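Residue numbers (the working numbering): 1 to 171.
Below: one structure, written as structure tokens.
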Amino acid sequence: MVPNPRRLAPSVLVGVLALAGCSGGTQTGDAAPVTSAATTGTPTATTASPPSATAGTPTATPTATASTAPTPTPTPDAVMPALHSRTYEQARTEFSRQDLSPARLTAAAQHKDVTLPRDHDGWYICDTSPRPGTPLTATTTVTVRLAKDFSDCTTSFNGYLYEENDPASTP
């Protein structure tokens, strides 16, 4: 036996509305609530029509800007890379590789008694501020402490490379 389309259509309409998230109740600006044999329990003599905006179902119309504009993908926050034991030149390269501006790098001497030369690209990074793994905001400046030889990174006399330059040192 084939079901009567006049009785099936209202049930299908209620199912579609339920799947669409519509309650069938009146919302501001909507027409009268939709009732059917499935919701009232009594057969109706009206024929079902396809859902429309006046029946309380929202209609989505894609706009040209929504379909042609690419959806921006969120970029991950920048994180301070591990630069210890690399040269200053390698640090600048690493910043460029991670789409960070090398201009954010500020070089300083590791020791108080050492003057950083103008060309310090081959000097080694002893320490960084902020520490590796720290999130970098757009305004964070990264300070790297440099030494000419990597072995000098662990040598310190109260912040001086040479003990004779430490004022606290006694001869």
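The beta-carbon is built from N, C-alpha and C at its ideal position, and this holds for glycine as well.
Predicted model, so just to flag it, every value in this text is computed and none were measured.
Measure from the alpha carbon of Ser85 to the alpha carbon of each residue in Thr154, Ala103, Tyr160, Ala168, then state which is nearest. Thr154
Name the DSSP bridge partner or partners of Pro135? Val79
Give the single residue among Asp121, Leu146, Pro135, Leu116 whose Cα lies nearest to the Cα of Asp127. Leu146
Measure the beta-carbon distance from Pro132 to Thr140 and round it to whole angstroms, keeping in mind my assumption that it falls under 8 Å. Incorrect: roughly 13 Å between the Cβ atoms, too far for contact.
In the DSSP output, what is Arg97 paired with across the bridge? Bridge partners of Arg97: none, in fact.
Would the region 150-164 count as touching the region 99-115 if we require 3 or more Cβ pairs under 8 Å? yes
Go ahead and label Arg97 buried or exposed: buried means 16 or more other beta carbons lie within 10 angstroms of its beta carbon, across all protein chains shown. exposed
Glu89 versus Gly122 - alpha carbon distance: 7 Å
Taking the alpha-carbon of Tyr124 as reference, which of Pro135, Thr137, Ala108 has the nearest alpha-carbon? Ala108
Based on Cα-Cα distance, which residue from Pro167, Ala91, Pro171, Leu100 lies nearest to Ala78? Leu100
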